[in-house]
Amino acid sequence: MPKVILLSDFSEDYGKSLLRGITAYAKEHGPWVFCRMPLFFRETLGADGILQWARDWGTDGLIAQLYREEDAEVITQAGIPLIAQDFKERFSNVPNITGDYYETGKLGATYFLQKGYAHFAFYGFNTFVWSRERAQGYEETLKQHGHTVYYFEHEKARSGELWYYKPSSLSQWLKSLPKPIALMACDDDQGQHITEACKLAGIRIPEEVAVLGVDNDDIICNISDPALSSISLAAVQGGYQAAALLDQLMSSRSLTGPSIVVRPIQVIERASTDMFATSDPAIQQALRYIHQHIDQNLSVTQVLAQVALSRRAFEIRFHAITGLPVYQYILRLRMDKFARQLLETDKSIYELAIECGFPDTKNLARQFRDVKGCSPNEYRQLHSMPL
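In the numbering used here, each residue's number is its place in the sequence shown (first place is 1) plus 405.
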């Protein structure tokens, strides 16, 4: 019966989701015995102390959030399989639980572009890979559309402390930004810091600053006032895959393997981003109409009928604001909603297609693959929680 040490921050939703995936795998393929080690052992015991504890307990493997390559080497040099959850940087000497952080930033940028924003900001840490690469994906996507990004980063934050921030300096920065502005935070904790600072500064959300977090931590998102929109991650699947990999390593007594990449799924919209930012009244009306009738098989002609513009003028202005042709904007929005339904219900693809206004399921499958890169069935299998 494998004995596995888990060393991570299980107080937040990302760590809890990893744990759900890990335990789901263990129930299917175990039984396993777990030691859920407090994260502060990383500081109080250090790598040598964790290794001694692991030896005394007879540990077969570890999944651990560590800071340094040297810490990982202490464990693996003792012949104990380890999967490291990256934090400051990715590990080069062991398999990682990491994320497609760049793609997460791209998703945030695309979401805001589709809402018509012209001003953008990012709030995070330049010393942590998960924040830095989210910022890179966000900024580079926006640069492709001719936009720049305003930054406020925690230059004084220590590697083990994500709570360092001064509301006064943060509020001063927020006041200095052009409005309305779309702001992506590196995670939900920092997104909630933004909403707090905005309230203290008298800045309206989302009318002046729209705020988007990452992790979709339900408690943090709903502590925020207004409730925080967030990018959900496939962390449960990541935990399941990490457990499967650790099982292989423990069976073979191997210390090397591929990294587990936790991918972004979708934006979960709440009140903090619930508006369209464009000052163009015709495009704002068109966007509102599209979102209100997204379950219908909308045509560009139907949308055009809502505005007093020629088709050519409308299409030029719409593309300039959203970065997409009208038909492509509608298609992406409909596919996003269909994708959410795939994960939130157990209904068949045919049933969901009818409910979402897609009468032709073959054409739907082709369009879905064009937008999401896989079939509806593959998407559901990839992102659904293991049972």
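Even glycine gets a Cβ: it sits at the ideal position worked out from N, Cα and C.
C-alpha distance - residue i paired with residue j, whole-angstrom precision
i: T464; j: L703; result: 58 Å
i: N782; j: I754; result: 8 Å
i: E756; j: P764; result: 10 Å
i: N498; j: V479; result: 11 Å
i: W437; j: A477; result: 22 Å
i: Q772; j: Q646; result: 29 Å
i: G618; j: S574; result: 20 Å
i: E601; j: S629; result: 8 Å
i: K511; j: I673; result: 15 Å
i: T766; j: L471; result: 47 Å
i: Q549; j: Q733; result: 17 Å
i: D741; j: C603; result: 30 Å
i: F517; j: A649; result: 36 Å
i: A718; j: L736; result: 21 Å
i: D623; j: Q690; result: 31 Å
i: P443; j: D491; result: 17 Å
i: G542; j: Y506; result: 8 Å
i: P669; j: R539; result: 11 Å
i: R785; j: T515; result: 22 Å
i: D751; j: H788; result: 13 Å
i: R739; j: T509; result: 20 Å
i: C761; j: L692; result: 18 Å
i: L769; j: G513; result: 25 Å
i: P686; j: E448; result: 55 Å
Sequence-distant residues of the same chain with beta carbon closer than 7 Å to residue i, five excluded per side
i: G643; result: L423, G426, I502, I665, V667
i: D679; result: P611
i: H724; result: P730
i: R495; result: N501, T503, V534
i: P405; result: Missing from the structure shown is residue 405; the chain here goes from 406 to 792 and no further.
i: D414; result: G420, L444, Q470
i: H434; result: D652
Close beta carbons around residue i, own chain, < 6 Å, minus the five adjacent residues each side
i: F525; result: L547, H552, V554, A587
i: A682; result: K520, G521, Y522, P585
i: G466; result: V409, P486, L651, M655
i: A452; result: D476, V479
i: L709; result: R716, F719
i: W578; result: F557
Counterpart residues of residue i in DSSP-defined beta bridges
i: G778; result: Beta-bridge pairing links G778 to no other residue.
i: Q711; result: In the DSSP output, where bridge partners are listed per residue, Q711 has none listed.
i: M442; result: L412
i: L588; result: A526, V616
i: G466; result: V409
Residues near residue i by beta carbon distance below 8 Å, same chain, minus five either side
i: C440; result: K408, V409, I410, L411, W462, T464
i: E745; result: It is Arg, not Glu, that sits at residue 745 in the sequence shown. Once the five neighbours on either side are set aside, the close Cβ partners of R745 are Q671.
i: K580; result: A606, I608
i: E635; result: Looking at the sequence shown, residue 635 is not Glu but Ser. Once the five neighbours on either side are set aside, the close Cβ partners of S635 are D593, G596, L617, G618, V619, D620, N621, D622, C626, V672, I673, R675.
Are the region 656–663 and the region 701–715 in contact at 8 Å, needing three or more beta carbon pairs? Judged by Cβ distances under 8 Å, the region 656–663 makes no contact with the region 701–715, as fewer than three pairs qualify.
Write down every uninterrupted run of the beta strand (DSSP E) in the region 485–566 whose length is 3 residues or greater and which is fully enclosed by it, in chain order. Runs of the beta strand (DSSP E) inside the region 485–566: 487–490, 501–504, 525–529, 554–558.
Output the residue ranges of the alpha helix (DSSP H) runs that lie fully inside the region 729–767 and measure 4 residues or longer, sorted by chain position. 731–749, 754–760
At what residue ranges does the region 603–676 contain a whole run of the beta strand (DSSP E), taking only runs of 3 or more? 614–619, 634–638, 665–667, 669–673
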